[in-house]
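Protein chains: 2
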Amino acid sequence: MAKELTSRSENYSQWYNDLVIKADLAEASAVRGCMVIKPYGYAIWEKIQGQLDRMFKETGHVNAYFPLFIPKSFFSKEAEHVEGFAKECAVVTHYRLRNDDQGKGLVVDENAKLEEELIIRPTSETIIWNTYKNWIQSYRDLPILINQWANVVRWEMRTRLFLRTTEFLWQEGHTAHATREEALEETLKMLQVYATFAEEYMALPVIKGVKTESEKFAGAIDTYTIETLMQDGKALQGGTSHFLGQNFARAFDVKFLNREGQLDLVWATSWGVTTRLIGALIMAHSDDNGLILPPKLAPIHVVIVPIHKNEEQLSQISAKAEVLKKELESKGLSVKYDGRDTHKPGWKFAEYELKGVPVRLAIGPRDLENNTVEVARRDTLEKMIVPADTVGTYIPELLANIQENIFRRASGFREKNTHRVNTWDEFREVAEVKGGFAYAHWDGTSETEAKIKEETKATIRCIPLDNEPEEGKCIYSGKPSKQRVLFAVAY
Amino acid sequence: MAKELTSRSENYSQWYNDLVIKADLAEASAVRGCMVIKPYGYAIWEKIQGQLDRMFKETGHVNAYFPLFIPKSFFSKEAEHVEGFAKECAVVTHYRLRNDDQGKGLVVDENAKLEEELIIRPTSETIIWNTYKNWIQSYRDLPILINQWANVVRWEMRTRLFLRTTEFLWQEGHTAHATREEALEETLKMLQVYATFAEEYMALPVIKGVKTESEKFAGAIDTYTIETLMQDGKALQGGTSHFLGQNFARAFDVKFLNREGQLDLVWATSWGVTTRLIGALIMAHSDDNGLILPPKLAPIHVVIVPIHKNEEQLSQISAKAEVLKKELESKGLSVKYDGRDTHKPGWKFAEYELKGVPVRLAIGPRDLENNTVEVARRDTLEKMIVPADTVGTYIPELLANIQENIFRRASGFREKNTHRVNTWDEFREVAEVKGGFAYAHWDGTSETEAKIKEETKATIRCIPLDNEPEEGKCIYSGKPSKQRVLFAVAY
Chain A
886 MAKELTSRSE NYSQWYNDLV IKADLAEASA VRGCMVIKPY GYAIWEKIQG
936 QLDRMFKETG HVNAYFPLFI PKSFFSKEAE HVEGFAKECA VVTHYRLRND
986 DQGKGLVVDE NAKLEEELII RPTSETIIWN TYKNWIQSYR DLPILINQWA
1036 NVVRWEMRTR LFLRTTEFLW QEGHTAHATR EEALEETLKM LQVYATFAEE
1086 YMALPVIKGV KTESEKFAGA IDTYTIETLM QDGKALQGGT SHFLGQNFAR
1136 AFDVKFLNRE GQLDLVWATS WGVTTRLIGA LIMAHSDDNG LILPPKLAPI
1186 HVVIVPIHKN EEQLSQISAK AEVLKKELES KGLSVKYDGR DTHKPGWKFA
1236 EYELKGVPVR LAIGPRDLEN NTVEVARRDT LEKMIVPADT VGTYIPELLA
1286 NIQENIFRRA SGFREKNTHR VNTWDEFREV AEVKGGFAYA HWDGTSETEA
1336 KIKEETKATI RCIPLDNEPE EGKCIYSGKP SKQRVLFAVA Y
Chain B
886 MAKELTSRSE NYSQWYNDLV IKADLAEASA VRGCMVIKPY GYAIWEKIQG
936 QLDRMFKETG HVNAYFPLFI PKSFFSKEAE HVEGFAKECA VVTHYRLRND
986 DQGKGLVVDE NAKLEEELII RPTSETIIWN TYKNWIQSYR DLPILINQWA
1036 NVVRWEMRTR LFLRTTEFLW QEGHTAHATR EEALEETLKM LQVYATFAEE
1086 YMALPVIKGV KTESEKFAGA IDTYTIETLM QDGKALQGGT SHFLGQNFAR
1136 AFDVKFLNRE GQLDLVWATS WGVTTRLIGA LIMAHSDDNG LILPPKLAPI
1186 HVVIVPIHKN EEQLSQISAK AEVLKKELES KGLSVKYDGR DTHKPGWKFA
1236 EYELKGVPVR LAIGPRDLEN NTVEVARRDT LEKMIVPADT VGTYIPELLA
1286 NIQENIFRRA SGFREKNTHR VNTWDEFREV AEVKGGFAYA HWDGTSETEA
1336 KIKEETKATI RCIPLDNEPE EGKCIYSGKP SKQRVLFAVA Y
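If you read the sequences in order, they're chains A and B.
So the first sequence is residues 886 to 1376, counted in my numbering.
So the second sequence is residues 886 to 1376, counted in my numbering.
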């Protein structure tokens, strides 16, 4: 196989980079920290987008589009928000280039300096709440349930394809409500949408929880999160849903006449997931042969490869393949027939394993004779000989089975790598050697949280929503604690 | 009606602005020249996107995503390209803000100045061809047929909602080919995709043609265009498809080994349409009561309004409406039932006329008795009483009929406003008084073209592809001409 990957055990991080490049998902661009999402990677994003968009619309949301640029002054209005984002902002200062008189080529035209600098949106709360101000007068104008699909920019110093890039694609929901209860309900509803999407589509089990003060979104009252575990034992935050309280309404003076006829500040939420999900998808399921994609998000469900010795065989097999292709397509599946004679079957097998196509059908001369096909499933690499006439029912069932199996495997992995730890030594062993999730007691202070992070790199991923109260002692300070929280070293 | 529009005859330009605002399509944002696309306007864009995306994929294209930022140096590589775009570029010069020591608030951090400025993409040829360089070695790597859905920024001085905004949404196709013929074929194929989309979905007749030297895209060999006519007699360019020759391959040194084993420069095309299409849609069809949307692009096909005197009637009508709604939805239609008792039927009628919903059903007590509904079509404002049991077949036919009627009406309008002019006086009358398209002889020089523009504001929209050769004399210079070209004052 020409495109061999580094193995996970040898170097997990290198395996990931190799895989992203060799499976043609994305590559670094000429612009520092920005990636090019290649067609195969973008096709996965389209699948993610399509499904999430349906789920957003089913829960009553509509899409809209707000400007890329945010005036600098907007940024300063919410104190914590600006604190959180000011240090990683791309700033537009000029609106024209000109040819230099002294032959230095193209230079910024100093006569075209903006009076007020514009920030490329790192997130859109400020520009959106400045807009909502004009849309909301009375409780009759509420709720506003808007989502935006967009690009955003955060000037990251260390970037990695999909996981952390300067520009990335995402969706950001921004909702406005008349009451605290309603906003809180929305925050949790969208957290559940993300959890359902992660588990049912990405085949990725999640832990739902709330972030600590130091890990929450800049400007939020509370940040809710879905936390996932990757194969190297590190955690990855899959999506967040923020209860913003009245913070942005206060900053942008967005008041409404409530049912009691009194002026009140509007309640807000925001929630988002990004192209980072593709990174999670790769790292959670794939193996040393390449990608393993859950069928529900795979751009191609089935690839058909002919195995032939001569032209005549190829033309017979092609005819058969076309019939099967049509039949599977009529069931809503995406099917590719790779009849190229420039590449050998073995090369093609490796290629589609690398690309994570869930099911491969191979048809050779003996299959024609016996009216069979060879079916290979990507998740387990198992092969079966199946009567050709049953393919139309067999494959959809197999795909459902693969989807389920991938989820079960990821769940089993997470279970095996989730530890209840009671001492500092145990904790360090998980953080520094074993990897995985650690449920541990914590004294509830940001100081302790910071020290634990400093010493072990582990952070509190969340305080799980389904936590049972439990008396205990903080693994670091020994102070009393009322519940365990979820720690891990995270991406 | 609370939301009265300025009439078209009174002030067409004001009518357009009123309509965009009052139909809730878009509004100006706090950022100069940038708009907020509101949910109803964005829903039209989603319809446009959805259909075009299907057509692009049917013609073999795939989507991908390239960076928002373009290094300044890339820009200088194609001489005409930089000339065309340098004067309207948003430039990122810094990547951090900080709090000022002297209490001036948030300021640009001068320690975070970029070594090389980044341009916000006004179009992506340069960053894409710099990327293609690494993707193309041999003819086997060709063609590359990629499209991108993205936002772009061109620093316009005079902006108008949808028609011309600093940031806008678009798609940009960028293809790479082994031969001139193939690239030219692609250019024309995509022009035809745009023409088909405009005529069959937007109900907008187009003239296909090629731009003159002075009107073509900066960096293209030839720019092909679809030109449409608005109700005020001004032309609007609906989409362009560029044959780029080897210009960008030369600028970015993109060579490939051809079938003959020789190194050759790659051939290129690019093609795009933007959110401007929404402006065209509005201006081509709508009337003094509001929007008229072609059913194929309408976010809501049918609205059902109950007419009732009391609660009991309302509940009976609602039950009936729900049955009709389900039936129509089962035919793939988007149906809204507006049972709000906060607004009177008359108010609702005006509201949905304003928003261009193609069909309105009203159900009153008498309709319940007779098992009928009142059907109103938005395009002609005609009303009919229809047996409720036939709605499931009647409405889909009516929608097809409306789609056809709108196209026929726009075609009739264009025909009436297309003039073959032979003298300068006749030409001026069309350009300055009558409006519309003028087919006129032109001597083929950029000088004459510029002078005509200076004196009348009319420009050559295109040299139509279906032009018949015809001997004549230039309406301006009197010099000999071999064909008529299409003139108009344009948006």
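Ideal Cβ placement from N, Cα and C applies to all residues, glycine included.
Remember, it's a predicted structure, so these values are computed and weren't measured experimentally.
Length of the line joining the Cα atoms of residue i and residue j
i       : j       : result
B/A1206 : B/Y1376 : 43 Å
A/D1226 : A/A1285 : 32 Å
B/I1005 : B/L1054 : 13 Å
A/A997  : B/D1172 : 41 Å
A/M886  : A/W1232 : Reliability fails at A/M886, whose pLDDT of 44 lies under 50, so the model's placement of it is uncertain and the value that follows must be treated cautiously. Distance between the alpha carbons of A/M886 and A/W1232: 6 Å.
B/N1036 : B/E1052 : 7 Å
A/T1050 : A/E1041 : 7 Å
A/L1199 : A/A1088 : 37 Å
B/D994  : B/H979  : 7 Å
A/Y1279 : A/T1060 : 44 Å
A/H1170 : A/E1267 : 16 Å
B/V977  : A/V1038 : 12 Å
A/K1229 : A/V1190 : 10 Å
B/T1333 : B/K1074 : 32 Å
A/P1028 : A/T1081 : 23 Å
A/Y927  : B/W1034 : 11 Å
B/R1163 : A/K1018 : In the sequence as presented, Arg is not what sits at residue 1163 of chain B; that position holds Ile. About 26 Å.
A/M920  : A/T1160 : 11 Å
A/L1166 : B/M1168 : 45 Å
B/S1113 : B/E1314 : According to the sequence shown, residue 1113 of chain B is Thr rather than Ser. Near 20 Å, if we compare the C-alpha coordinates of B/E1314 and B/T1113.
A/E965  : A/K923  : 36 Å
A/S1009 : A/E1057 : 8 Å
Min CB distance residue i to chain B below 8 Å
i       : result
A/V1139 : no
A/C919  : yes
A/P924  : yes
A/E1052 : yes
A/I1031 : yes
A/S894  : no
A/S914  : yes
A/A887  : With a pLDDT of 47 at A/A887, under the threshold of 50, the modelled position of that residue is not reliable, and the figure given next carries that caveat. With 8 Å as the cut-off, A/A887 does not count as an interface residue toward chain B.
A/N1036 : yes
A/A1183 : no
A/Y927  : yes
Contact with chain A by residue i, beta-carbon distance below 8 Å
i       : result
B/P956  : yes
B/F960  : yes
B/N1307 : no
B/I1012 : yes
B/N1015 : yes
B/N1132 : no
B/W1040 : yes
B/S1215 : no
B/E931  : yes
Of all the residues that make up the region 964-992 of chain A, which are near chain B by a beta-carbon distance shorter than 8 Å? Those would be V967, A971, K972, E973, C974, A975, V976, V977, T978, H979, Y980, R981, L982, R983, N984, G990, L991, in chain order.
Could you tell me whether the region 982-999 of chain B touches the region 963-981 of chain A, using the rule of 3 or more Cβ pairs below 8 Å? Output reads yes: the region 963-981 of chain A touches the region 982-999 of chain B.
Within the chosen definition, does the region 1328-1344 of chain B reach the region 1126-1141 of chain B through at least 3 CB pairs nearer than 8 Å? Because the criterion of three Cβ pairs below 8 Å is not met, the region 1328-1344 of chain B and the region 1126-1141 of chain B do not touch.
Tell me whether the region 1145-1165 of chain A and the region 1254-1272 of chain A touch, counting them as touching only if at least three CB pairs, one residue from each stretch, are closer than 8 Å. Output reads no: the region 1254-1272 of chain A does not touch the region 1145-1165 of chain A.
What are the start and end residues of each continuous alpha helix (DSSP H) run of 4 or more residues lying completely inside the region 1201-1267 of chain B, in chain order? With a minimum length of 4 residues, the continuous alpha helix (DSSP H) runs that stay inside the region 1201-1267 of chain B are 1230-1239, 1250-1255.
Under 8 Å, CB to CB, which of the residues in the region 933-953 of chain A have a partner in chain E? No chain E appears in the structure shown, which is made up of the protein chains A and B.
Does the structure place the region 1062-1072 of chain B close enough to the region 929-940 of chain B that three or more beta carbon pairs sit under 8 Å? The region 929-940 of chain B is not in contact with the region 1062-1072 of chain B.
Contact between the region 947-961 of chain B and the region 1202-1216 of chain B (3+ Cβ pairs under 8 Å): Taking 8 Å as the limit for Cβ pairs, the verdict is that the region 1202-1216 of chain B does not touch the region 947-961 of chain B.
I'd like the ranges of any alpha helix (DSSP H) spanning at least 4 consecutive residues and lying wholly in the region 894-956 of chain A. As far as the region 894-956 of chain A is concerned, its whole alpha helix (DSSP H) runs of at least 4 residues are 897-907, 924-943.
Using Cβ-Cβ distances below 8 Å, what residues of the region 998-1012 of chain A are close to chain B? Answer set for the region 998-1012 of chain A: E1002, L1003, I1004, I1005, I1012.
Residue ranges of each alpha helix (DSSP H) within the region 1314-1355 of chain B, 4 or longer: Segments of the alpha helix (DSSP H) lying fully in the region 1314-1355 of chain B: 1331-1341.
Using a Cβ-Cβ cut-off of less than 9 Å, list which residues of the region 1345-1371 of chain A approach chain B; keep chain order. When C-beta distances to chain B are compared with 9 Å, every residue of the region 1345-1371 of chain A stays at or above that value.
Which runs of the beta strand (DSSP E) fall wholly inside the region 1018-1056 of chain B and span at least 3 residues, in chain order? Within the region 1018-1056 of chain B, the complete beta strand (DSSP E) runs of at least 3 residues are 1029-1038.
Three-pair Cβ contact test at 8 Å for the region 1178-1196 of chain A versus the region 1239-1250 of chain A: Contact holds: three or more Cβ-Cβ distances are below 8 Å.
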